[in-house]
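Q: The sequence shown begins at 5 in the working numbering and counts up one residue at a time.
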Amino acid sequence: MSLPPPSDAPAPPRPEEGLLRVVWDVVEDAVLVVTPGDGIVRYWNRAAEVMYGCAAADIIGRPIEPVVHTELPDGSGVEGIREAVRRDGAWRGVVVQRLRDGRELRIEAAVSGIRGPDGTLTELVTINRDVTAKWQAERALRLSEANLQALFDSAREAHYLLDTELRILAFNRVTAEANRASWNREVRVGDSCIDYVDPENRASFVHHCQQSLAGRTIRYEREVKLPSGESRWYELNYAPVRASDGTILGVSFCGLDVTERRRRSEELWLRDRAIAASTASVVVADARRPDMPLVYVNPAFTTMTGYTSDEVLGRNCRFLQGPDTDPADRERLRDAIRARRSCHLRIKNYRKDGSPFWNNLTVSPVHDSDGELTHYVGIQTDDTERVTLEERLRRSARLESVGRLAGGVAHDFNNLLSIILLCCDDLLGAGHIGVAERSSLLEIQSAGLRATDLTRQLLAYARRQRLAPRVIDLGQTVEALGTMLRRLIPEDVDLRIVRPPGPCLVHVDPGQVEQVVVNLALNARDAMPDGGVMTIETRGVSLDEDAARRLTLAPGKYVRLVVRDSGVGMGPDTAAHVFEPFYTTKGPGRGTGLGLATVHGIVEQSGGRIRFDSEPGNGTTFEVFLRAVEGAVRPTEVQETSSEARRELVLIVEDEPAVLTLIGSLLKRSNYRVLQAANAQIAIALCENCPEAPELLLSDVVLPGMNGIELSRKLRDMIPNLRVLFMSGYPAVPEAEQSAFDDTSFLAKPIRPKTLLHRVREVLDAP
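Below you can see the structure in the form of structure tokens.
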């Protein structure tokens, strides 16, 4: 850039001007002399040459504007400066100068004027000091301070800067707002911060500040009580404020309200502990990652499945599924996950050891605050016991309904058998029948007896038979049966009877429990066509609440009878029907299908439970649990009775006409006198009108209208010394009334003549 040609040369300097120029050339500030109108440079010292990068020879006599453009910081020109000099004689201030090389300087300028003889302003003398670096530093400092204040004010915690005397040097916006809101006061710089601390915490505050002034950083949480009475938790931080040389200048004190954070933390801790302590298995899968791996399992999961968290985290939980998991259940679960909705189902899963269990599973999606799906949480409970109990309940209901039907059939059938057997005995007792007729009658009698056994089994299954319980040692009973059982099983079956050293006392009907043992042993024998090992074991056990609940029994002491074989075992399909009557897997002619059904009925009627475990090829184990009792074994008493009748009057009440007629005829032939009634009302009328009171009431239990037990009570009110003998195909009376007859006052149908006569005599001769 070329400078304009110099104007007319100035007049030669006066001597005093030479001295001033010497002084101006040694000062560090730029000294300029310019004309006020057109800005022609009259003087330019050495400092100006350095500051502006232009030699005096190149600028003197020329306008300053091409080299230096001057304006005020607000962008206005220098006219105001010239006016101030004309008016006041001088001006001081900061100007902005832009140089021809592109630099921009901040200049502290002192301008004064030189006037001519007529007072006209002829020259401007300017002393310029370059303060660009200082201005930049100050601007940077102001910017830094502004940034720091912005950061200071944007902090979430209340923040004080304190000097070594704990006076407030600075505080942020949160501090001011918190003091207004909670303490109704204004914070002021210069105040002692101690005055802003509640009295009960001041000593602690001063102590921690002193520790910070000694160089320590302290952080802790403390509960603070506000004037309103509310308590809030604060995280308090004390830190030393250091100079660049490490000198401690004061204390930085921060207080962050963490009440909500603590509450959430406590909630999370409580939730975590609750999940960890939950008996329900809880699993969490990450829905954002491929294959949705597990990211959390609680301890109950390990308890339920046997898998540790290290073994399953990172895997999809389908590893719990197995060969018998229902494909429909799998698809239902997948559909719910694809649709991102909740799902509840019961699915068959497998433990680490391979054992199956029923998983009661609820899967629910989890979304973040933006509504995005992030995880799935699964709540799992082992429903195996419930499924087992439900199946047992269904089976019991099914067996109960069949049992009621079987019991009803057995009752009617026993009446028919009574007629058949009584007629057979009557005819066989006659001396005038031929050989062929006798043979036919014997066949009829044999069939009737077999039918009697069948109905007895039906009644046992239906739990409708009359039991005569007493205290026995079950171990002794099983051992006594050993000889008979060894005759019933082949030589290639090794029978092992295990009996504990002490007694195993139970209160049961001995004959019925023997039937249970024999039937289970025969079932085990038939399961081992190629031989094997049969073990019959008795032992005392204690059932806790869990074990008892699974058996639907009360906790306590029991005697367990175990019959175990090493035979062919059963699959699930066979096992599902094992206690059903007439269900058998044996060939024709090899059993009625009532053996295990009878066992089930006897055990249930005796207040016990039976369960089994079986797998194809691994044999079968039956377990019978009977309540253990204390006391002594009561031996069976045998009472001598006479069978001779002494013309006693017997009242027979039976609603089956043929049975009534046959029993009446039998008793008459045996030297008894007989009154016959088809129902209770007729029987009462006979007693009211008969001049002689009967000595024995022989009554069916099940009668139309008033049953036999009610009738006996009615008649005993009329005849206090009346003896009673009940008979029935089964005693279908309420449990509360079954105590009305004991072992000696009940006769089960079908009726045999000798048994009837013996029991009649026994009741009449009883003390």
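Where a beta carbon is used, it is the ideal one built from N, C-alpha and C, also for glycine.
Could you give the distance in angstroms between the alpha-carbon of Tyr200 and the alpha-carbon of Val262?
A: About 19 Å.
Q: Which residue from Glu112, Val567, Val502 and Ile172 puts its Cα closest to that of Leu526?
A: When only C-alpha atoms are compared, the closest one is Val567.
Q: Leaving out five residues before and five after Arg96 in sequence, what residues of the same chain have Cβ atoms less than 6 Å from its Cβ?
A: Once the five neighbours on either side are set aside, the close Cβ partners of Arg96 are Ala114.
Q: In whole angstroms, give me the CA-to-CA distance for Ile383 and Arg355.
A: Between Ile383 and Arg355, the C-alpha separation is close to 16 Å.
Q: Considering just the uninterrupted stretch of the beta strand (DSSP E) at Phe197, what are its terminal residues?
A: The sequence given here places Cys at residue 197; Phe does not occur at that position. Cys197 -> no beta strand (DSSP E), and no H or E assigned at all.
Q: Starting from the N-terminal side, write out each stretch of the alpha helix (DSSP H) that is 4 residues or longer and does not extend beyond the segment 275-317.
A: DSSP runs (the alpha helix (DSSP H)) wholly in the segment 275-317: 303-309 and 313-316.
Q: Taking all protein chains shown into account, decide if Trp273 is buried (16 or more other Cβ within 10 angstroms of its Cβ) or exposed.
A: Counting Cβ neighbours within 10 Å, Trp273 comes out exposed, since fewer than 16 surround it.
Q: Under the rule that 16 or more other beta-carbon atoms within 10 Å means buried, what is Lys753, buried or exposed?
A: Burial call: buried.
Q: Can you tell me the Cα-Cα spacing of Leu761 and Leu671, whole angstroms?
A: For Leu761 and Leu671, the distance between alpha carbons rounds to 8 Å.
Q: Classify Asp513 as buried or exposed, calling it buried when 16 or more other Cβ atoms lie within 10 Å of its own Cβ.
A: Asp513 comes out buried.
Q: Counting only the same chain and skipping the five closest in sequence on each side, list residues whose C-beta sits under 6 Å from that of Tyr300.
A: So the list reads Val288, once near-sequence residues are dropped.
Q: Looking at the structure shown, is Met55 part of a helix, part of a strand, or coil, going by DSSP?
A: Looking at Met55 - three-state DSSP - the assignment turns out to be helix.
Q: At which residues does the alpha helix (DSSP H) containing Val663 begin and terminate?
A: Here the alpha helix (DSSP H) through Val663 covers Pro661 to Arg673.
Q: Grab me the residues of Gly79's own chain with a C-beta within less than 8 Å of its C-beta, minus the 5 sequence neighbours each way, in chain order.
A: Within the same chain, Gly79 has no close Cβ partners at all.
Q: Taking the beta carbon of Thr307 as the centre, do at least 16 other beta carbons fall within 10 Å, making it buried, or is it exposed?
A: Classification for Thr307: exposed.
Q: Do Gly623 and Gly575 have their C-beta atoms closer together than 9 Å?
A: No. Outside cutoff.
Q: Compare the beta carbon distance of Leu701 and Val663 with 9 Å and say whether it is the shorter of the two.
A: Against a cut-off of 9 Å, the Cβ pair of Val663 and Leu701 comes out as no contact.
Q: Assuming Ser208 contacts Leu170 (C-beta within less than 8 Å), just tell me the rounded distance between them.
A: About 13 Å separates the two Cβ atoms, so there is no contact after all.
Q: DSSP on Glu619, reduced to helix/strand/coil?
A: Reduced to three states, the DSSP call for Glu619 is coil.
Q: Provide the residue span of the beta strand (DSSP E) that contains Val98, from first to last.
A: Ala94 to Leu103 is the span of the beta strand (DSSP E), which, as asked, contains Val98.
Q: Looking at the secondary structure, which residues open and close the beta strand (DSSP E) in which Asp477 lies?
A: Per DSSP, Asp477 belongs to the beta strand (DSSP E) from Arg474 to Asp477.
Q: With Asp1 and His379 assumed to form a contact (beta carbons below 8 Å), what rounded beta-carbon distance in angstroms separates them?
A: Coverage of the chain is limited to positions 5 through 771, which leaves residue 1 absent and any answer about it impossible.
Q: Mark Tyr224 as exposed unless 16 or more other C-beta atoms lie within 10 angstroms of its C-beta, in which case mark it buried.
A: Counting Cβ neighbours within 10 Å, Tyr224 comes out exposed, since fewer than 16 surround it.
Q: Have a look at Leu432, Pro327, Leu298 and Gln325 and flag the residue whose alpha-carbon is nearest the alpha-carbon of Ser313.
A: Among Leu432, Pro327, Leu298 and Gln325, the Cα nearest to that of Ser313 is on Leu298.
Q: If we require 3 or more residues per run, which beta strand (DSSP E) segments fall completely within the segment 32-77?
A: DSSP runs (the beta strand (DSSP E)) wholly in the segment 32-77: 34-38, 45-48 and 72-75.
Q: Using the Cα positions of Arg651 and Leu715, report the straight-line distance between them to the nearest angstrom.
A: Whole-angstrom Cα-Cα distance: 24 Å.
Q: Between which residues of its own chain and Gly93 is the CB-CB distance below 7 Å, once the five residues before and five after are set aside?
A: Ser116 and Gly117, listed in sequence order.
Q: Which one or two residues does DSSP pair with His379 in a beta bridge?
A: Looking at the DSSP assignment, His379 forms a beta bridge with Asp290 and Val370.
Q: Report, in whole angstroms, the separation of the C-beta atoms of Gly536 and Asp569, which I expect to be a contact under 8 Å.
A: Between Asp569 and Gly536 the Cβ distance is about 6 Å, and since that is below 8 Å, they are a contact.
Q: My output table needs one value for Arg765: the three-state DSSP class, helix, strand or coil.
A: Three-state DSSP puts Arg765 in a helix.
Q: Measure the CB-CB distance between Leu365 and Arg350 and report whether it falls below 9 Å.
A: Result yes, Cβ atoms of Leu365 and Arg350 sit closer than 9 Å.
Q: With DSSP as the reference, please indicate the residues paired to Val89 in a beta bridge.
A: DSSP, once it has assigned bridges, lists no residue as partnering Val89.
Q: Would you check if the segment 443-451 and the segment 419-434 touch, i.e. whether three or more CB-CB distances between them fall below 8 Å?
A: As far as the Cβ criterion goes, the segment 419-434 touches the segment 443-451, which means the pair count is three or higher.
Q: Determine the closest residue to Leu729 out of Pro757, Ile755 and Arg763, with distance taken between C-alpha atoms.
A: For Leu729, the nearest C-alpha among the options comes from Arg763.
Q: Does the segment 175-187 come close enough to the segment 159-166 that 3 or more CB-CB pairs lie under 8 Å?
A: Yes: the two stretches touch, three or more of their Cβ pairs being nearer than 8 Å.
Q: Three or more beta-carbon pairs under 8 Å between the segment 501-512 and the segment 539-546, yes or no?
A: With the cut-off at 8 Å, the segment 501-512 and the segment 539-546 touch.
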